[in-house]
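J.:
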Amino acid sequence: MRLVLTENITPEMTLGKNIYKKGCVYLRAGQRNICRYNERLKDLGVDYVYVYDELSADITIPEDVSEATRQKCQDSLRSAFGSIENNLPVDVSTFASPVKSLMDELLYNPDIQINLTDISTMDEYTFGHSVSTAVYSILIGQEVGLSRDELYDLALGAVLHDVGKVKLDPRILFKEGRLTDAEYDAIRCHPRYSYEILRYCRNMSNEAKMVAFTHHERLNGTGYPQGLTGAKLGKFSRIVAAADVFDALSTNRCYRKKWSTNKVADFMTKYAGTEFDETMVAALLKKIAIYPNGSEVMLSDGHLGLVVRQNLKVPFRPVVRVVRDHEGFWVEPYEVDLLKDLNITITASQLELQEARSEGEGHVTI
Ligand SMILES: [Fe+2]
């Protein structure tokens, strides 16, 4: 299976993974002749899809968290947001079952790596982001040795960290252009709102509640709302701060296109130790497939290939199946293990190649 840009789907490709819309299957894996859905997929904001074709029949994409579990968490969030809008308290106990399912799926497989390719539609950003933040937080927490009870608390804090956004004006929250100072000030109130909503909730620890208040604080004091520095920031806050930014940058927003995973990883590494806790950043990056299986990459010798499998301990150097040479001609496919062939590196991810193509730089696609 491999990842293709929706507009590059050809008639011989079969859909490799379900596409969901508002929690329901919109197109089912195995669907043939998917090019006839291209326009509708683009309208739904689905830029990329997984397909089966001859080049990629043996490439597998490891499962991380099931869509059913993600949706269970999102359903609980939807009803929590509804309660808040009606001035009713949040019933934290409704999150117990979905958060435990999330933990079970992630903790069951110690070698899990997240293939961060968002193929869902763009509806309900806040819910999807909150669940992904919880996923990354659990993975970091596991890596730094938290107990199961601590992981549950952490996940609860992560999944509810942005509930205060319900109090923000949607015209500001979803504004496409640059925010004015006043609008930015309004956005900066949401951690405080989140904390006020959760403050008197039962079945939630104080440390989990503080995640809501402190997830935009930075170790060097440049965050908000209080400009706290490292010594004042607990372990949960440090974890969720890293998880929150990692997911936000990796996702399409109304005001910005998503960044490639390697660019997000570079950004997090650059600010590890100043803004973010470097232990938490390192723990997170261990769990992410920087170049996911089935994605297209360019190598330093100019050849184009597909990522076949990961070298788990070195996420920047997977195994690549080369299919085009440096002039763009098809070659008999062969594999390069970048952990063994250290003279070759990856110079562009699929997203970066696509950005270059849309700017008129003539790389052919696979
Ligand atoms: Fe936030």
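Quick note: the sequence shown, position 100, residue 1463 per the working numbering, numbers continuous. Note that CB positions come from ideal geometry on N, CA and C, so glycine has one too. All values reported here derive from a predicted model rather than from experimental measurement.
(1) Using DSSP with H/G/I as helix, E/B as strand and the rest coil, what is Ala1545?
(2) Cutting at 7 Å between CB atoms, please list the residues of its own chain near Val1529, excluding the five before and the five after it.
(3) With a threshold of 7 Å, establish whether the CB of Asp1406 neighbours any heavy atom of ligand 1.
(4) CA-CA distance, Glu1724 and Val1526?
(5) From Met1485 to Pro1696, what distance separates their C-alpha atoms?
(6) Classify Pro1554 as buried or exposed, calling it buried when 16 or more other Cβ atoms lie within 10 Å of its own Cβ.
(7) Taking 7 Å as the cut-off, is the beta-carbon of Asp1607 closer than that to any non-hydrogen atom of ligand 1?
(8) Are the Cβ atoms of Ile1422 and Gly1657 separated by less than 8 Å?
(9) Please state the DSSP three-state secondary structure of Cys1387.
(10) For Leu1404, does the count of other Cβ atoms within 10 angstroms reach 16, so buried, or fall short, so exposed?
(11) Would you identify the three-state DSSP class for Ala1635, choosing helix, strand or coil?
(12) Looking at Asp1610 and ligand 1, is the gap between the Cβ and the nearest heavy atom below 7 Å?
(13) What does the Cβ neighbour count give for Asp1610, buried or exposed, with the cut at 16 atoms within 10 Å?
(14) Do three or more CB pairs link the segment 1545–1559 to the segment 1567–1575 at distances below 8 Å?
(15) Does the distance between the C-beta of Pro1533 and the nearest non-hydrogen atom of ligand 1 fall short of 7 Å?
(16) Does the beta-carbon of Trp1622 have 16 or more other beta-carbons within 10 angstroms, so that it is buried, or is it exposed?
(17) Mind checking whether the beta-carbon of His1666 lies closer than 7 Å to any heavy atom of ligand 1?
(18) Which same chain residues, not among the five before or five after Arg1672, have their C-beta less than 7 Å away from its C-beta?
(19) Taking DSSP as the reference, what is the three-state secondary structure of Met1376?
(20) CB Val1367 to CB Tyr1415, shorter than 8 Å?
(21) Return the CA-CA distance between Ser1568 and Thr1614, expressed in angstroms with no decimal places.
(22) Count the other CB atoms within 10 Å of the CB of Glu1715; is the residue buried (16 or more) or exposed (fewer)?
(23) Three-state secondary structure (DSSP) at Met1485?
(24) Looking at the secondary structure, which residues open and close the alpha helix (DSSP H) in which Ile1447 lies?
(25) Along the chain, where does the beta strand (DSSP E) containing Ala1605 start, and where does it finish?
(26) According to the Cβ coordinates, are Pro1659 and Gln1589 closer than 8 Å?
(27) I need the straight-line Cα distance from Arg1541 to Tyr1547, nearest angstrom please.
(28) List the whole-angstrom C-beta distance separating Met1364 from Ile1424, where the pair is believed to meet the contact cut-off of C-beta under 8 Å.
(29) Answer with buried or exposed for Ile1372, where buried requires no fewer than 16 other C-beta atoms within 10 angstroms of its C-beta.
T.: In short, the structure shows the following:
(1) The three-state secondary structure of Ala1545, taken from DSSP, is helix.
(2) Excluding positions up to five away in sequence, the list reads Phe1444, Ile1447 and Glu1448.
(3) The answer is no for Asp1406.
(4) The straight-line gap from Cα to Cα measures roughly 42 Å.
(5) Note on Met1485: pLDDT 46, under 50, position unreliable in the model; the coordinate value appears next. Their backbone Cα atoms lie some 35 Å apart in a straight line.
(6) So Pro1554 counts as buried.
(7) Under cutoff, so the answer is yes.
(8) Taking a C-beta distance under 8 Å as the contact criterion, Ile1422 and Gly1657 qualify as a contact pair.
(9) Of the three classes helix, strand and coil, the one that applies to Cys1387 here is strand, per DSSP.
(10) The residue in question, Leu1404, is buried, as its Cβ has 16 or more Cβ neighbours within 10 Å.
(11) In the three-state reduction of the DSSP assignment, Ala1635 falls in the strand class.
(12) Asp1610: no, Cβ never under 7 Å from ligand 1.
(13) By the Cβ-count criterion, Asp1610 is buried, with 16 or more other Cβ atoms from all chains shown falling within 10 Å of its own Cβ.
(14) When C-beta atoms of the segment 1545–1559 are compared with those of the segment 1567–1575, three or more pairs fall below 8 Å, so the two segments count as touching.
(15) For Pro1533, the shortest separation between its Cβ and any heavy atom of ligand 1 does not lie below 7 Å.
(16) So Trp1622 counts as buried.
(17) Result no, Cβ not under 7 Å from ligand 1.
(18) Once the five neighbours on either side are set aside, the close Cβ partners of Arg1672 are Asn1656, Pro1681 and Val1682.
(19) In the structure shown, Met1376 sits in coil (DSSP, three-state: anything other than H, G, I, E or B).
(20) Remark: C-beta atoms of Val1367 and Tyr1415 do not approach each other more closely than 8 Å.
(21) Straight through space, the alpha carbons of Thr1614 and Ser1568 are spaced by roughly 29 Å.
(22) Glu1715 comes out buried.
(23) With a pLDDT of 46 at Met1485, under the threshold of 50, the predicted position of this residue should be treated as unreliable, though the coordinate-derived value follows. Met1485 carries a coil assignment under DSSP once its states are collapsed to helix, strand and coil.
(24) Residues Glu1430 to Glu1448.
(25) Note, Ala1605: premise wrong, no beta strand (DSSP E); alpha helix (DSSP H) at Lys1598 to Leu1612.
(26) Inspection of the sequence shows that residue 1659 is occupied by Glu rather than by Pro. Not closer than 8 Å, so no.
(27) Taking the straight line joining both Cα atoms gives about 9 Å.
(28) Their Cβ separation, rounded to whole angstroms, is 6 Å, which keeps Met1364 and Ile1424 in contact under 8 Å.
(29) Classification of Ile1372: buried, given that the 10 Å Cβ count is 16 or more.
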